[in-house]
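Everything below concerns the one structure shown next.
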Amino acid sequence: MLQPQQSSQNLVFTKQPYIEDVGPRKIKSIQFSMMSESEIMKAAEVQVYLGQYYNSNRVPIQGGLLDPRMGPANKSCSCATCHGGFGDCPGHFGYLNLALPVYNVGYLSTILDILKCICKSCSRILLDEKLCKEYLKKMRSPKMEALRKSDLMKSMVKKCSTMASKAVKCPRCGYINGMVKKAVGVLGIIHDLSKVNENEKECRSAISHTKESKASINAATYILNPVKVLFLFRRMTDEDCELLYLSDRPEKLIVTNIAVPPIAIRPSVIMDGSQSNENDITERLKRIIQANASLRQELLEASTAFKCLAGWDTLQVEVGQYINSDVRGVPFTMQVAKPLSGFVQRLKGKQGRFRGNLSGKRVEYTGRTVISPDPNLKITEVGIPIRMARILTYPERVSHHNIEKLRQCVRNGPDKYPGARMVRYPDGSARQVDRHLEDGDVVLFNRQPSLHRMSIMCHRARIMPWRTLRFNESVCNPYNADFDGDEMNMHVPQTEEARTEALMLMGVQNNLCTPKNGEILVASTQDFLTSSFLITRKDTFYDRAAFSLMCCYLGDGMDLIDLPTPAILKPIELWTGKQVFNVLLRPHANMRVYLNLTVKEKTYSNKLIRTEGDEEIRIDSMCPNDGFVYVRNSELISGQVGKATLGNGNKDGLYSVLLRDYGAHAAAVCMNRLAKLSSRWIGNHGFSIGIDDVQPKEELIDKKKRLLSENYEVCNVKIKEFNEGKLQLKPGCDAAQTLEALITDLLNRIREDAGKACMGGLPWRNSPLIMSQCGSKGSPINISQMVACVGQQSVGGRRAPNGFIDRSLPHFPRKSKAPAAKGFVANSFYSGLTATEFFFHTMGGREGLVDTAVKTADTGYMSRRLIKALEDLSIHYDNSVRNASGCIVQFLYGDDGMDPANMEGKSGDPLNFGRLLMKVEATCPVGENKYLSPEEISEMVRKLAEYGMNSDKCCSEAFIDSLRKFFEGHRDKLENKMKFIEDLSGDKNSDVLEKVVHKTSGITARQLEVFMETCFSRYRLKKIEAGTAIGAIGAQSIGEPGTQMTLKTFHFAGVASMNITQGVPRIKEIINGAKRISTPIITAELECDYNENSARVVKSRIEKTVLGQVAKSIKIVMTSRLSSIVITLDMQTIQDAHLCITADVVKESILQTPRIKLKEQHIKVLDFRKLEIFPPTEKSKIHFELHSLKKVLPMIMVKGIKTVERVVIAEKEKEKKKAKENEEEKKKYRLLVEGLVCLNF
Amino acid sequence: MTLSDEEIKRLFRIRKTVMQMLRDRNYFVGDFEINMTKEQFLSKYGENMKREDLVINKAMRNNSGDQIYVFFPDEQKVGVKTMKTYTNRMKSENVFRAILVVQQNLTPFARTCINEISSKFHLEVFQEAELLVNIKEHVLVPEHQVLTNEEKKTLLKRYTVKETQVSFENLDIFFLLKLHFDSSVWFYLLLIFYCSYFLGVVGAQLPRIQVSDPIARYYGLKRGQVVKIIRPSETAGRYITYRYVV
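Residue numbers (this note's numbering), protein chains in the order written: chain L, 4 to 1244; chain D, 282 to 527.
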């Protein structure tokens, strides 16, 4: 405890929090409250009453806003209270006395709630004694949660205010209370007695003749000013306060004194010269003081009450804006373009105290510059400019291993690299030298937006000359970086622990895969793919010199390389390009990397080889384009490698397989080698693109001309048909939609056909073609746009809209639907666009730009919400997924507890059995071992599976099942082949044939054993680790792809004009939990799904049908005596639609329709198709009644479900294919129901 | 008033669903009652049946003293009067649970009445439309099993899950901040800490299911019970989860 104050000199004022030394203590309770008038005065050191800062000598004025007793205003002053300097004084409060009290805008709603509940005369609660007691009992019960209590309070307010909507008499004093509400347009509260006051009518009639009658129409509403409210609040009993769930006296909610915050939190910055720049809060306070002074003056003058109110209102607004500058109810005259920020603005939003200063901070030891590529760096490295390395430091502890190096650093000083900036003696014993960054230091590398965890990874530093940060292009993908001026950030971890952690968790090597789906993310791109594609061409051969040179390109010239046997020995030794790849995969014989994989490249096609009767013989591995990549034991047997093999996003690609089978290091080293080889090779080989690459040939030009004229002709015919109204409609579309669909189809076909013709005519040497084939850049569409035809430009998924009256541009006739008038660009980029074409092209281009701009904000907010919702989910040691408060979200992560980053199968299965078996067969040669028979296989699999199941119970059922199924398939294949062979040969040399079968699809016991063992051991490693932050990973995995979803047009897709919301809008709907989704569709499977008629019947029963659709006529019949409405039903339509509607049904439905006041006796059924209605009204009004009925009647629903707008009969796509195979003509149907269907269906 | 064919068909289906529901709740229901055809149904209750005739009374399979009633009131909207007759009947026969199958809904007074007598009689209300189809047989509804008390205890122990709700009465926060009196960083930190603490720990730590959930109502679950849900899973073959009724 503090000693009784002996002398003030013992007191020390610091910014350090005061810590009482009494050992650990537990907080029992904490209470938040407002400070009262007197508390503010007590806490303050000075009364502030002058709205000035400095006097002419630049000394803070006494009693001003920068009074030295509140702390020093700048470095030259000292505090008048504690005599501390600018650095030590924590600041002291002042106070500011207001002439009249004002509302605190933050509490305005609370004040309003309280006022609603109390009598405006005696300040007691407006409930009777009994009810009060009941509520008080509930409020005092210790069992109830805080949230429940505030709900109770709200219900009490509701009870009091609903009573007050009429008039409520106070049960205690009998005063009649009116409604209390917020004043419109000003900061204030109104007590509305207009419904209460009975004198009011009298009053109004009395003044109705005067001039001011209009102005004083609200004579019965009284403004409850703060003085009055303060008076009411002061009189409230403590019990009532408790009843209203107030923890403190309500009068504190009203501001009478303002605490002027210490200068430390509103610093005054002196600009050069005589200017000083004050904080927004200080300026606000100044305006408050001014408003206060003028109000006080007004009060002293004791002029009219009207004028006084004006000053008061100004003060109220000023104090309101001091707290929240966005406060509503500020009069128009006082609104400024950029208001000074209030306290709420200091806290709120991205730059606010919470998000800007507490959750996120600016840090030291960072760097940022432009990035550029360097294929000579390893993928785990980052090139750091020397200038940066001289500033960024790492505190290295001195030991006798590094003392010599550090001595040299210290000698070099802070400016000469490699030097040191500081020498520290943290704990006396060991010294630390803050040396410059050097090669091999661990740094974190990051590019914004950091959408997933691979946006910030850990690299090793490589100090290099020049001024950019450099890294291997293979790592562009995870950062989503390119080199068109992108900048990236770098952070240097400062402790050995941080370094290790960063390397283990964030190292590039440990993040080759995305945890989203286990696909490889760090992989070769662009030039690397092009050069590998060119190197592995079938016709590339290298002599000894060239081949050796290429082998040297692979590494740093220090690596051991075994030259393979040349593919061609005579007349000269020649090596193939594919052999370069063999060396790349396995440079020397001591390297134990046996890669086995098959990939089908983009160019792959399994062409028909020959037909044998009905059977078509296709061989998977015999691709005429050399697109079948087969690597066996690290030898590239066939295939020209491209993006599928080397690029990202393929789970069976080369790097994926390397990563899974031989670890991250093997994959990384291989990537390094390929980067070096290809960049050097392509530098020598040369690869560029010129105008001749995109010149169309004569042949192509002719073909294009023909295509255009043909299709334009068809278009014209269709347009003509449309104009004459003869166009055959598509299901579910009107004429205009049908025409649009047809024309769009035709025009797309022009582009496609032209593209095909163009691609077919390109020589193999064509650079764009090569790039598109190997997948490094560009698609066939891009090429054909350059060479042949740009194609239709679309805006919002449609052809160009009409910007002028009935036409898109004034160059075309009105209402023209011709291709050229609606944005079809027939020219190519080579031939050049016409003016109108160019205009349409910019329209399409702009849509894309706008969309990207809009979408970034949209998706960014979406991912933020996702992450905020899921950030605390993690895996616990009992394998359950729990949130921060320990609530279980999932008992086993993903149902099977596997790490999604390690899944090898395409559809998320843990292992790719087919590939694994291939690898086992290749690495585990048969030799002298015997093959297993089918029966033996199944027996052994059963045993091994059982063993795997029982040895440790970690394998999921699905995994064991899939394993079993895989082998069943394998065994069946073997059996089938054996049977086939037996049938073929009879008995002759079956031994030989059996051997052939076994060779193709047999397996030995040893192979099977190895296979199963690898399966189980790998499965175990793929379990997710406890502690993984699964929530953040999940949120990022949804948020990150969201940013890549472009264009609204892709957000709608569907069949038969039934659109389904997709993409970002749909995800938004799901996250928002929208009750009314934009396209609700139910797919209903039919019980008898092959009969179209029955489908139609069901459809008509579900779809909403109104009377107007089935009535032939609804007529008003007037006779001299009676007038009525006669409805005649159109039986033809009804029968066509398979509806069972008769006059009786219609009558029933009319009677059941709400808001039609017809009774049974008013409707007469004439026959099964006619009914007559006699509305029950007086003669004088019957005419109007009849007409209003005639208007309403067509809208009456006679059949179906109210909410179902449309039902479409759709054919099942998959079933259709099957039906074809079975040569059955039966089509299967199902219904797509649009709309929300309620329970009563 | 006789019932139309359509309505008889409806009633037949409803009765079948009710029987299945009672069986799933472990009441003693014979197979013949569930597999009853429409003809048998007609012959049992006659051509001009009334809803009131359908009343069912069943006992628990393992405890014949624990009985349940199923009432089918005739009125479109069930009022307090009908309720009173039912409760009197239940009182006289010492039955404390009943299911009310109403055609449309209850009157608001009847609803409050149910709440009032809930301490004595447990009345569940179903609409006829809800019972036309047995929701348990829907493709998307996985298998649910109600856990016994012992099973629940072992489960809670296995996952070291707290059940009781934590009360924070002693930390009586009223969200009136003294913002412009104390703006030190420590104050904000404390505020953040307490706010997050508050919003975090409320309720049991298991995943939840509402009492008003159709399946929870089907099994007549009460607050605090736990259901085991076994559902097919793409990745693991089958996945078992538990839900705590709130």
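C-beta atoms are modelled at their ideal positions from N, C-alpha and C, and glycine is treated no differently. Owing to the predicted nature of the structure, the values given are computational and were not obtained by experimental measurement.
is_contact[residue i, chain L] using C-beta, thresh 8 angstroms
i              : result
R498 (chain D) : no
G346 (chain D) : no
I490 (chain D) : no
T393 (chain D) : no
Residue i versus residue j: straight-line alpha-carbon distance, rounded
i              : j               : result
S770 (chain L) : T533 (chain L)  : 10 angstroms
K140 (chain L) : R127 (chain L)  : 17 angstroms
I220 (chain L) : Y367 (chain D)  : Note that I220 (chain L) scores 47 on pLDDT, short of 50, meaning its location in the model is unreliable and no value can be drawn from it.
I337 (chain D) : I490 (chain D)  : 28 angstroms
H844 (chain L) : P417 (chain L)  : 57 angstroms
S691 (chain L) : R473 (chain L)  : 24 angstroms
L335 (chain D) : M1048 (chain L) : 58 angstroms
G370 (chain L) : E384 (chain L)  : 16 angstroms
M507 (chain L) : R450 (chain L)  : 20 angstroms
H86 (chain L)  : G74 (chain L)   : 9 angstroms
K646 (chain L) : L661 (chain L)  : 16 angstroms
A760 (chain L) : A791 (chain L)  : 9 angstroms
C394 (chain D) : V361 (chain D)  : 7 angstroms
A517 (chain D) : L895 (chain L)  : 10 angstroms
Residues bridged to residue i [DSSP beta-bridge criterion]
i               : result
C461 (chain L)  : L:L447, L:G510
R849 (chain L)  : Partner(s): none; R849 (chain L) has no beta bridge.
G3 (chain L)    : For residue 3 (chain L) there is no data in the structure shown, the boundaries of chain L being 4 and 1244.
S1127 (chain L) : L:V1120
E939 (chain L)  : DSSP, once it has assigned bridges, lists no residue as partnering E939 (chain L).
L1174 (chain L) : L:I1130, L:V1168
R438 (chain L)  : L:Y397, L:A423
8 angstroms Cβ cut-off: residues of chain L touching residue i
i              : result
L487 (chain D) : C890, I891
G505 (chain D) : Under the 8 angstroms cutoff, chain L gives no residues; its nearest Cβ is about 16 angstroms from G505 (chain D).
First through last residue of the beta strand (DSSP E) which encompasses residue i
i              : result
T516 (chain D) : Run containing T516 (chain D): none; DSSP gives neither H nor E here.
E638 (chain L) : 638–641
V495 (chain L) : Unbroken run through V495 (chain L): none, as it is neither H nor E.
Boundaries of the alpha helix (DSSP H) in which residue i is found, first to last residue
i               : result
L139 (chain L)  : 132–143
H1186 (chain L) : 1185–1195
S1097 (chain L) : 1095–1105
I773 (chain L)  : 770–777
M44 (chain L)   : 40–46
E374 (chain D)  : 361–374
Any C-beta of chain D under 8 angstroms from that of residue i
i              : result
F725 (chain L) : no
F16 (chain L)  : no
Y21 (chain L)  : no
G74 (chain L)  : no
Neighbour list for residue i in chain D, Cβ cutoff strictly below 9 angstroms
i             : result
D91 (chain L) : Neighbours of D91 (chain L) on chain D: none; closest Cβ ~16 angstroms, over 9 angstroms.
Proximal residues of chain L, C-beta to C-beta of residue i below 7 angstroms
i              : result
G518 (chain D) : S959, E960, A961, D964
V442 (chain D) : I891
T522 (chain D) : F894
Under 7 angstroms by beta carbon: chain D residues contacting residue i
i              : result
D898 (chain L) : S514, T516, A517, Y520
G560 (chain L) : Within chain D, no residue comes near G560 (chain L); the closest Cβ sits about 48 angstroms away, beyond 7 angstroms.
Contacts that residue i makes with chain D (C-beta to C-beta distance below 8 angstroms)
i              : result
S883 (chain L) : Y440
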